[in-house]
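Take a look at the structure set out below.
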Amino acid sequence: MRMSLKSVRIGVVGLGYVGLPLAVEFGKRYRTVGFDINQNRVRELTRGRDSTLEVSRTELKEATHLSYSSELADIRRCNVYIVTVPTPIDKYNRPDLTPLEKSS
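Offset between the sequence shown (1-based) and the working numbering: plus 112.
Right, dumping it as structure tokens:
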């Protein structure tokens with residue numbers, strides 16, 4: 113099944129140092145929902161502020177097709193998902209995939 117670019121709706125799960133810049137760039141051209149479980153993070157981004165300084169206010173404003181949410185219902189309509197959650201390692205350098213598993 114082929115998808116046209118006009119029908120693309122991208123969901124970026126995790127709005128940290130990887131996910132937010134990615135969501136912002138996609139949001140400049142495509143309908144994009146940035147999803148994060150941290151409601152305070154979603155609230156600040158909705159207000160046009162990024163306390164982590166990963167992106168500027170100007171970049172946030174330029175992403176006119178980007179919305180933010182911490183509600184699963186808001187990303188259910190997406191047809192492309194990009195997961196950008198942390199994968200910490202333990203003292204034996206084994207990845208802890210719990211955040212990835214919980215996001216799926």
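A virtual CB, placed ideally from N, CA and C, is assigned to each residue, including glycine. Only a predicted model underlies this, so the values are computations on that prediction, with no experimental measurement involved.
Can you say whether residue i is buried or exposed, counting buried as having 16 or more other CB atoms within 10 angstroms of its CB?
i: GLY160; result: exposed
i: ILE122; result: buried
Taking Cβ positions, are residue i and residue j nearer each other than 8 Å?
i: VAL167; j: PRO198; result: no
i: VAL120; j: ASN191; result: yes
Starting from residue i, trace the beta strand (DSSP E) both ways and give me its first and last residue.
i: VAL195; result: 192-195
i: GLY146; result: 143-147
Looking at the unbroken alpha helix (DSSP H) that takes in residue i, where does it start and where does it end?
i: LEU212; result: 210-215
In the structure shown, what three-state DSSP assignment does residue i receive?
i: THR176; result: coil
i: PRO200; result: coil
i: VAL124; result: strand
The stretch 200-213 in contact with the stretch 137-148 per 3-pair CB rule at 8 Å: Not touching, per the Cβ criterion.
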